[in-house]
Amino acid sequence: SLQTLCALIRGVHQKNKSTSGFDIINMLMGFDKAELCMKNLMESLDSLLCAEGSESLKSLCLKLLLCLVTVTDNISQNTILEYVMINSIFEAILQILSHPPSRREHGYDAVVLLALLVNYRKYESVNPYIVKLSIVDDEATLNGMGLVIAQALSEYNRQYKDKEEEHQSGFFSALTNMVGSMFIADAHEKISVQTNEAILLALYEAVHLNRNFITVLAQQSCLAKEKAICGELHHTFRLIPVFLCYRRCIQVVHKLLCYQKKCRVRLHYTWRELWSALINLLKFLMSNETVLLAKHNIFTLALMIVNLFNMFITYGDTFLPTPSSYDELYYEIIRMHQSFDNLYSMVLRLSTNAGQWKEAASKVTHALVNIRAIINHFNPKIESYAAVNHISQLSEEQVLEVVRANYDTLTLKLQDGLDQHERYSEQHKEAAFFKELVRSISTNVRRNLAFHTLSQEVLLKEFSTIS
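In this text, residue positions in the sequence shown follow full-length UniProt numbering: the first is 1, and each later residue adds one.
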């Protein structure tokens with residue numbers, strides 16, 4: 001009956017795409033009976049999801065709910081969801097997430113369902129799922145949600161890594177992949193989209209709406225999974241221009257650093273990977289200067305990157321995990337000094353010309369003052385150390401020895417405002433992005449929703465024992 005309901009709901013919507021939501025409800029159950037019918041349906045689904053019993057039945061309940069939610073691309077135009085708002089299944093979703101056996105079986109579907117329900121008319125009316133999610137403080141439930149999200153991100157990352165290794169496994173494999181990709185690329189794309197967009201939205205909503213969820217993330221060391229998240233962001237951000245993606249990523253990192261500095265949080269994280277990524281991004285901007293400047297103000301992004309380094313230089317001792325981490329920061333700046341020198345030459349050239357980029361480039365020039373001070377202070381001392389000891393190329397430890405011995409004579413300028421950031425406002429600045437993202441998720445969940453994964457034989461055998 002659950003499968004039949006799903007087929008009926010889908011069929012009516014597909015055949016009547018131009019029909020209003022109220023007329024669809026009238027076709028399905030009669031508008032005068034709709035409230036009672038939906039109340040009975042939601043109560044039945046809630047009871048089945050909360051009861052101890054058939055896992056296959058719970059799976060079908062969740063799939064029916066996902067079917068209900070995603071019959072329209074724009075879920076906010078799905079009038080039938082008004083009844084899902086009135087007859088909440090929020091507690092049933094939380095119970096699945098807090099109970100390990102149910103979470104293992106149904107956690108992914110439950111998290112995706114919650115992420116979609118939270119986005120129903122979120123800017124136009126009071127959404128009870130938003131209100132309830134914002135006040136959840138049960139540790140088992142929040143942990144369960146975090147575990148589902150972390151597992152999905154890790155699985156996506158594993159698939160991405162496997163695919164990368166396939167592409168690097170030799171000529172025959174490369175030829176096979178080239179031919180095969182013509183036939184399997186779409187299928188892989190669907191899997192990737194379904195995984196990353198929905199789970200990243202769930203992660204965002206949990207962090208954005210529930211202040212207790214941040215603690216859960218810290219306890220689970222989810223930041224250690226940043227490679228998985230970055231891999232997913234690479235795919236998800238196809239919805240927005242690449243240059244804007246970079247800006248958003250840098251803004252996120254900046255806000256995280258501001259939070260760490262304010263709360264004195266010392267994350268045991270390999271910060272060198274971040275510094276290397278930031279420098280590579282600067283090199284990308286410089287090597288594509290002409291092309292990028294035709295469309296973008298690259299100096300805004302360059303300034304943001306430089307100021308991240310300034311944040312580490314000025315306040316790193318308050319949030320980097322160990323004193324040696326601060327030494328490593330200086331080592332990376334010195335090691336990659338050529339990139340900073342090239343950036344300085346580029347912005348100096350443009351700031352001294354009377355062109356449109358004069359002011360923007362000048363800001364980067366001024367922001368580089370401490371990075372250049374570090375390079376100009378330590379490089380001569382490193383060269384002197386190498387000459388005195390007759391060493392052609394110093395090891396990392398030898399460079400660090402020089403750095404530690406010469407901190408006292410280094411003079412840096414105090415830069416104000418590094419730990420200040422613009423307050424985030426989703427509704428005013430990001431609403432269009434999230435509407436498009438939710439539309440994409442709804443489309444892909446509907447496309448990939450599979451009832452046939454549960455064989456009829458298994459269902460009949462299992463349901464025959466249900467009283």
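Every residue gets a Cβ at the ideal spot worked out from N, C-alpha and C, and that includes glycine.
By how many angstroms is the C-alpha of residue j removed from the C-alpha of residue i?
{"i": "Y83", "j": "S324", "result": "57 Å"}
{"i": "Q151", "j": "H106", "result": "13 Å"}
{"i": "Q398", "j": "S442", "result": "56 Å"}
{"i": "K132", "j": "E55", "result": "26 Å"}
{"i": "V347", "j": "S362", "result": "7 Å"}
{"i": "G144", "j": "I96", "result": "9 Å"}
{"i": "E197", "j": "I135", "result": "24 Å"}
{"i": "V112", "j": "L48", "result": "19 Å"}
{"i": "H99", "j": "A431", "result": "34 Å"}
{"i": "A34", "j": "N26", "result": "8 Å"}
{"i": "Y204", "j": "S392", "result": "50 Å"}
{"i": "G316", "j": "Y326", "result": "7 Å"}
{"i": "D137", "j": "N212", "result": "6 Å"}
{"i": "L64", "j": "K122", "result": "22 Å"}
{"i": "F284", "j": "F299", "result": "13 Å"}
{"i": "Y120", "j": "L293", "result": "39 Å"}
{"i": "I80", "j": "M38", "result": "9 Å"}
{"i": "R103", "j": "E52", "result": "13 Å"}
{"i": "M182", "j": "R447", "result": "Residue placement at M182 cannot be trusted, given a pLDDT of 34 that sits under 50; the coordinates are not used to answer."}
{"i": "L36", "j": "G30", "result": "10 Å"}
{"i": "L217", "j": "L116", "result": "21 Å"}
{"i": "K92", "j": "D46", "result": "Reading off the sequence shown, one finds Ala at residue 92, where the question assumed Lys. Cα to Cα, A92 sits roughly 6 Å from D46."}
{"i": "L437", "j": "N444", "result": "11 Å"}
{"i": "M336", "j": "I75", "result": "49 Å"}
{"i": "A110", "j": "V364", "result": "46 Å"}
{"i": "A373", "j": "E124", "result": "52 Å"}
{"i": "E166", "j": "E155", "result": "17 Å"}
{"i": "A7", "j": "L114", "result": "22 Å"}
{"i": "V12", "j": "I24", "result": "7 Å"}
Buried or exposed, going by whether 16 or more other CB atoms sit within 10 Å of the CB of residue i?
{"i": "Y424", "result": "exposed"}
{"i": "H390", "result": "exposed"}
{"i": "I86", "result": "exposed"}
{"i": "K58", "result": "buried"}
{"i": "Y108", "result": "buried"}
{"i": "F340", "result": "buried"}
{"i": "T409", "result": "exposed"}
{"i": "A174", "result": "Below a pLDDT of 50, predicted positions are generally treated as unreliable, and A174, at 47, falls in that range; the measurement from the model is reported next regardless. That one is exposed."}
{"i": "Q260", "result": "buried"}
{"i": "E232", "result": "Unreliable placement is indicated for E232, whose pLDDT of 49 sits below 50; the coordinate value is still reported in the next sentence. Looking at its Cβ environment, which holds 16 or more other Cβ atoms inside 10 Å, E232 is buried."}
{"i": "E328", "result": "buried"}
{"i": "H428", "result": "exposed"}
{"i": "H421", "result": "exposed"}
{"i": "T70", "result": "buried"}
{"i": "N16", "result": "exposed"}
{"i": "V126", "result": "exposed"}
{"i": "V252", "result": "exposed"}
Could you pull the start and end residues of the alpha helix (DSSP H) that residue i belongs to?
{"i": "W271", "result": "W271 to S287"}
{"i": "A360", "result": "K358 to A367"}
{"i": "A354", "result": "Where A354 is concerned, there is no enclosing alpha helix (DSSP H), given that its DSSP letter is neither H nor E."}
{"i": "S440", "result": "A431 to N448"}
{"i": "N310", "result": "I298 to F319"}
{"i": "Y407", "result": "Y407 -> no alpha helix (DSSP H), and no H or E assigned at all."}
{"i": "V84", "result": "L81 to I86"}
{"i": "Q14", "result": "L2 to K15"}
{"i": "A92", "result": "F90 to S98"}
{"i": "R335", "result": "P323 to R335"}
{"i": "Q129", "result": "Note on identity: in this sequence residue 129 is Tyr, with Gln being the wrong assignment. Note, Y129: alpha helix (DSSP H), P128 to S134."}
{"i": "V69", "result": "E55 to V69"}
{"i": "A51", "result": "It is not in any alpha helix (DSSP H) - A51 carries neither H nor E in the DSSP assignment."}
{"i": "G30", "result": "Taken as a continuous stretch (DSSP letters only), G30 belongs to no alpha helix (DSSP H), as it is neither H nor E."}
Rounded C-beta distance between residue i and residue j? I'm assuming under 8 Å.
{"i": "L412", "j": "N370", "result": "5 Å"}
{"i": "R264", "j": "T318", "result": "6 Å"}
{"i": "F378", "j": "N406", "result": "6 Å"}
{"i": "L257", "j": "Y331", "result": "Their Cβ separation, rounded to whole angstroms, is 19 Å, which puts L257 and Y331 out of contact at 8 Å."}
{"i": "D343", "j": "L414", "result": "Position check: residue 343 holds Leu in this sequence, whereas Asp was assumed. With 8 Å as the limit, L343 and L414 do not qualify as a contact, their Cβ atoms being about 22 Å apart."}
{"i": "T314", "j": "L418", "result": "6 Å"}
{"i": "L41", "j": "L2", "result": "Their Cβ separation, rounded to whole angstroms, is 10 Å, which puts L41 and L2 out of contact at 8 Å."}
{"i": "I130", "j": "I199", "result": "Not quite, the Cβ-Cβ distance comes to about 19 Å (not below 8 Å), so this is no contact."}
{"i": "residue 468", "j": "L68", "result": "The question about residue 468 has no answer here: the residues shown for the chain are numbered 1 through 467."}
{"i": "A367", "j": "N310", "result": "6 Å"}
{"i": "R247", "j": "M286", "result": "So it is not a contact: roughly 17 Å between Cβ atoms."}
Any heavy atom of the ligand ZN closer than 6 Å to the beta-carbon of residue i?
{"i": "W275", "result": "Judged by which ligands are present, the structure shown has none, so any question about the ligand ZN falls away."}
Using a Cβ-Cβ distance cut-off of 7 Å, determine whether residue i contacts chain C.
{"i": "T300", "result": "The structure shown contains no chain C, having only a single protein chain."}
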